[in-house]
Amino acid sequence: MIEVDDVCFAYPGGALALDHVSVRTAADQAFAVLGESGSGKTTLLRCIGGFLRPQSGTIRIDGDDIATLGEPALRARLGIVFQRLHLFPHLDVVQNMVLAPRLVQGADADSARRQALDMLERLGIAELATSYPSQISGGQAQRVAIARGLMLAPRYMLLDEPTAALDANTTDAFAAWLRELRDQTCFIIVTHDTLFAAQVADQGVYLSGGLIADSGDIQTMIEHVRRGGLEEAPAG
Ligand SMILES: Nc1ncnc2c1ncn2[C@@H]1O[C@H](COP(=O)(O)OP(=O)(O)O)[C@@H](O)[C@H]1O
Ligand SMILES: [Mg+2]
11 MIEVDDVCFA
21 YPGGALALDH
31 VSVRTAADQA
41 FAVLGESGSG
51 KTTLLRCIGG
61 FLRPQSGTIR
71 IDGDDIATLG
81 EPALRARLGI
91 VFQRLHLFPH
101 LDVVQNMVLA
111 PRLVQGADAD
121 SARRQALDML
131 ERLGIAELAT
141 SYPSQISGGQ
151 AQRVAIARGL
161 MLAPRYMLLD
171 EPTAALDANT
181 TDAFAAWLRE
191 LRDQTCFIIV
201 THDTLFAAQV
211 ADQGVYLSGG
221 LIADSGDIQT
231 MIEHVRRGGL
241 EEAPAG
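Whatever position you read off the sequence shown (first residue = 1), add 10 for the working numbering.
Spelled out as structure tokens, the structure:
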């Protein structure tokens with residue numbers, strides 16, 4: 011479980027992007043972080059990932075404070091796919107995937123390559139193995155970025171706006187694909203798309219202006235949005 015407890019974060023010279031935020035992810039379930047553009051979703055994800063240090067509050071991953079956990083231990087437990095996928099354009103899909111196991115875990119080239127091919131097979135995208143990022147679609151690139159993240163077998167994987175570049179049909183297929191992966195890793199999905207969130211997660215929180223405006227069951231939160239209790243989230 012990831013526990014965010016009373017976290018405040020402000021960018022230099024800025025207002026509070028996270029204003030006393032507390033979040034407890036559902037144990038072993040996909041979890042959604044919802045909210046309109048500018049509500050603090052990416053900031054929360056960067057804090058959980060250890061890329062930003064909150065000015066106050068604590069973040070624990072399976073009981074351990076991430077401030078004291080240390081970089082290698084944190085990376086082993088938690089993978090992140092940023093909104094910009096950061097696939098290396100000069101490397102093919104398998105070459106992108108073997109980087110972390112080779113550099114972080116010291117895996118040898120052959121076994122890392124075999125592991126990458128197994129992973130692509132398991133995720134149903136084996137045909138992409140020798141493609142370069144410029145040769146694949148947005149939806150395929152999103153899957154490759156997740157496949158690459160899964161190479162280190164993190165217990166948690168954070169996804170920032172995974173459907174931002176996808177059309178509606180691709181989003182539905184991607185949601186179905188993510189659902190099937192839920193037993194491999196515990197996804198924390200940051201998205202402005204409430205309907206997508208409802209396809210992949212059961213529980214979540216709704217951020218608004220850096221505050222938790224709603225939390226709990228996603229279907230119930232969608233009802234709240236419909237009844238006008240919360241703003242319908244614009245893209246971003
Ligand atoms: N690097 C930054 N420097 C200063 N302000 C930022 C930076 N990144 C985001 N913000 C501000 O912090 C707030 C939350 O942004 P963000 O977490 O990116 O929201 P979301 O991901 O929900 O769109 C916004 O007001 C945004 O303008
Ligand atoms: Mg964002």
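Glycine included, C-beta positions come from ideal geometry on N, C-alpha and C. No experiment lies behind these values; they were computed from the predicted model shown.
Out of VAL103, LEU62, LEU162, state which residue places its alpha-carbon closest to the alpha-carbon of ARG87. LEU162
Segment contact flag, the region 97 to 113 with the region 147 to 164, C-beta cutoff 8 Å, min 3 pairs: yes
Go to ARG70, then tell me how far its beta strand (DSSP E) extends in each direction, as first and last residue. Residue range 66 to 71 is occupied by the beta strand (DSSP E) that includes ARG70.
Residue from ARG236, GLN213, VAL235, SER218 whose Cα sits closest to the Cα of ASP38: GLN213
Minimum Cβ-Cβ distance from LEU113 to chain E less than 7 Å: Of the protein chains in this structure there is only one, and it is not chain E.
For GLU13, the residue or residues it bridges with in DSSP: ARG34, ARG70
Can you round the beta-carbon distance between VAL14 and VAL43 to whole angstroms, since I take them to be within the 8 Å contact cut? The Cβ separation is near 10 Å, so there is no contact.
Could you check whether the Cβ of THR204 sits closer than 6 Å to any heavy atom belonging to ligand 2? no
Identity of the residue in LEU133, VAL91, THR35, PHE19 nearest LEU54 by Cα: PHE19
Check: THR52 C-beta below 6 Å from any heavy atom of ligand 2: yes
Straight-line gap, LEU127 to ALA139 (C-alpha atoms, nearest Å): 7 Å
Endpoints, the alpha helix (DSSP H) within which SER121 is located: 119 to 132
Nearest to GLN125 by CA position, among PHE98, ARG158, ARG94, HIS96, is which residue? ARG158
Please classify ASP75 as buried or exposed, where buried requires at least 16 neighbouring CB atoms within 10 angstroms. The residue in question, ASP75, is exposed, as its Cβ has fewer than 16 Cβ neighbours within 10 Å.
Buried or exposed: which applies to THR35, given that a residue is buried once 16 or more other Cβ atoms fall within 10 Å of its Cβ? buried
Helix or strand or just coil, what does DSSP make of ASP227? Note: ASP227 maps to strand in three-state DSSP.
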